[in-house]
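Below is one structure, written out as structure tokens, with a few remarks after it.
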Amino acid sequence: MNEWNIQSRAPACEACARPFTDRQPYHTLLLELAPDLRRSDICDACWQRQFAGDARGRAGFISHWQGIFEVPPPVVDAIQKETAETVLRKLVAQNDPRYAAAAFILAVMLERKRLLKVKEQITREGRRVFIYEQPRTGDIFAITDPELHLDQLEAVQRDVAQLLEHGLFPTAVETPAPVAAAAENPAVTGADAVPSTEEQPLAQT
Numbered sequence: 003m004n005e006w007n008i009q010s011r012a013p014a015c016e017a018c019a020r021p022f023t024d025r026q027p028y029h030t031l032l033l034e035l036a037p038d039l040r041r042s043d044i045c046d047a048c049w050q051r052q053f054a055g056d057a058r059g060r061a062g063f064i065s066h067w068q069g070i071f072e073v074p075p076p077v078v079d080a081i082q083k084e085t086a087e088t089v090l091r092k093l094v095a096q097n098d099p100r101y102a103a104a105a106f107i108l109a110v111m112l113e114r115k116r117l118l119k120v121k122e123q124i125t126r127e128g129r130r131v132f133i134y135e136q137p138r139t140g141d142i143f144a145i146t147d148p149e150l151h152l153d154q155l156e157a158v159q160r161d162v163a164q165l166l167e168h169g170l171f172p173t174a175v176e177t178p179a180p181v182a183a184a185a186e187n188p189a190v191t192g193a194d195a196v197p198s199t200e201e202q203p204l205a206q207t
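As structure tokens, this is what we get:
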């Protein structure tokens with residue numbers, strides 16, 4: 003299973019359709035409606051009126067959390083250097099199994115830097131899936147745990163360092179090859195999986 007995805011925070015309440023204002027509290031409801039995860043962003047008034055008493059009883063309920071809406075900054079028409087977050091977004095958009103381990107490591111790196119927060123951990127088809135939120139934008143990411151083993155970690159660290167240095171589409175280096183599964187070594191998870199290489203800005207691609 004390799005169903006990564008990004009779901010952006012809605013600009014308006016799903017229940018009443020009123021646009022959110024800056025610094026307005028809102029509620030996010032995450033449901034599993036096969037085959038997808040679905041988020042609903044709801045203003046506090048509608049939540050108290052329609053959802054507060056029975057949210058957990060709704061079909062497919064996974065999680066609920068509260069946030070503060072922030073008006074997105076104006077778009078600046080300038081070249082921006084890429085970071086671990088922008089590389090992760092590209093990997094998620096591609097949903098390429100070759101980069102499953104690298105995407106997981108990048109998400110853990112960003113979690114440790116407090117740029118992503120784990121909102122929920124679920125199990126789908128026998129695999130752990132971490133639901134991350136980017137607090138500033140409200141975007142959520144569903145990242146599957148690739149169940150790395152110790153003898154895979156060095157190769158994945160090299161792949162991540164290469165992505166951070168050269169970007170997703172390197173020109174002078176080879177594209178990272180898939181990491182072979184290991185059957186006998188203990189799995190590596192969480193902070194143990196974070197590469198030792200410090201995050202560096204990417205060269206423009």
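Just so we're aligned: 137 in the numbering used here is position 135 of the sequence shown, and the numbers increase by one with no gaps anywhere. Just so you know, even glycine gets a beta-carbon here, dropped at the ideal spot from N, CA and C. A quick note: this is a predicted structure, and the numbers were derived from the prediction, not measured.
Item checked: Span of the alpha helix (DSSP H), counted from its first residue to its last, around PHE22 -> On the sequence shown, residue 22 is found 20 positions in, with the first residue counted as 1. Looking at the DSSP string, PHE22 is not in any alpha helix (DSSP H), and its letter there is neither H nor E.
Checklist line | Cβ shell of GLU135 (< 6 Å), same chain only, five flanking positions each side left out | finding: Taking the sequence shown and counting its residues from 1, the one referred to as residue 135 is at position 133. LYS119, LYS121 and ILE142.
Next item on the list: Tell me whether ASP56 sits in a helix, a strand or coil according to DSSP, three-state version.
Entry: Numbered from its first residue, the sequence shown carries residue 56 at position 54. Note: ASP56 maps to coil in three-state DSSP.
Next item on the list: Specify whether the region 8–21 and the region 105–112 touch according to this definition: at least 3 beta carbon pairs, one from each stretch, less than 8 Å apart.
Entry: no
Next item on the list: Measuring alpha carbon to alpha carbon, tell me which of PRO148, GLY140 and ALA61 ends up nearest ARG25.
Entry: By one-based count along the sequence shown, residue 25 stands at place 23. With distances taken between Cα atoms, ARG25 lies closest to GLY140.
Item checked: Stretch-stretch touch, CB-based, cutoff 8 Å, three pairs: the region 40–48 with the region 89–109 -> no
Next item on the list: Go through its chain and collect everything with a Cβ distance to PRO27's Cβ below 7 Å, but skip five positions before and after it.
Entry: Position 25 of the sequence shown, counted from the first residue, corresponds to residue 27. Once the five neighbours on either side are set aside, the close Cβ partners of PRO27 are ASP46, GLN68 and ILE70.
Check: What are the uninterrupted segments assigned as alpha helix (DSSP H) that are 4 or more residues long and contained completely in the region 107–178, given in chain order?
Finding: Counting only runs that start and end inside the region 107–178, the alpha helix (DSSP H) elements of at least 4 residues fall at 152–168.
Margin query: Quick check on DSSP: helix, strand or coil for ALA95?
Written below: Along the sequence shown, read from residue 1 onward, the residue named residue 95 stands at position 93. Under the three-state reduction of DSSP output, ALA95 falls in the helix class.
Check: Apart from the five residues just before and just after LEU32, which ones in its own chain have a Cβ nearer than 6 Å to its Cβ?
Finding: By 1-based counting over the sequence shown, the position of residue 32 is 30. ARG41, ILE64 and SER65.
Next item on the list: Could you pull the start and end residues of the beta strand (DSSP E) that CYS15 belongs to?
Entry: Here residue 15 refers to the residue found at position 13 of the sequence shown. Taken as a continuous stretch (DSSP letters only), CYS15 belongs to no beta strand (DSSP E), as it is neither H nor E.
Notebook entry, point to check: Anyone know if the C-beta pair for GLN52 and ALA17 falls short of 7 Å?
Noted result: Indexing the sequence shown from 1 puts residue 52 at position 50. Indexing the sequence shown from 1 puts residue 17 at position 15. Yes, Cβ-Cβ distance for GLN52 and ALA17 is below 7 Å.
Item checked: Nearest-angstrom Cα separation, counted from GLN123 out to ARG129 -> The residue given as residue 129 occupies position 127 in the sequence shown. The residue given as residue 123 occupies position 121 in the sequence shown. Roughly 10 Å between the two C-alpha positions.
Next item on the list: Label LEU150 either buried or exposed according to how many other C-beta atoms from any shown protein chain fall within 10 Å of its C-beta, with 16 as the threshold for buried.
Entry: The residue labelled residue 150 in the question sits at position 148 within the sequence shown. By the 10 Å Cβ count, LEU150 comes out buried.
Checklist line | Selected residue, minimal CA-CA separation from GLU72, among ARG116, PRO137, ALA103 and LYS92 | finding: Here residue 72 is taken as the residue at index 70 of the sequence shown, counted from 1. For GLU72, the nearest C-alpha among the options comes from PRO137.
Item checked: Expected contact under 8 Å - CB spacing of VAL94 and LEU170 to nearest Å -> In the sequence shown, residue 94 corresponds to position 92, counting from 1. In the sequence shown, residue 170 corresponds to position 168, counting from 1. VAL94 to LEU170, Cβ: 11 Å. No contact.
Note to self: Using DSSP's beta-bridge definition, name the partner residues of GLN50.
What the structure shows: By 1-based counting over the sequence shown, the position of residue 50 is 48. Beta-bridge pairing links GLN50 to no other residue.
Notebook entry, point to check: Residues in its own chain within less than 7 Å of PRO148 by CB, not counting five upstream and five downstream?
Noted result: The count along the sequence shown starts at 1 and reaches residue 148 at position 146. So the qualifying residues of the chain are ALA102, ALA103 and PHE106.
Checklist line | Spatial distance of ALA174 from GLU167 (CA atoms) | finding: On the sequence shown, position 172 is the one that residue 174 refers to. On the sequence shown, position 165 is the one that residue 167 refers to. Caution applies to ALA174, whose pLDDT of 39 falls short of 50 and renders its modelled position unreliable; the value that the coordinates give is listed next. Their Cα atoms are separated by approximately 11 Å.
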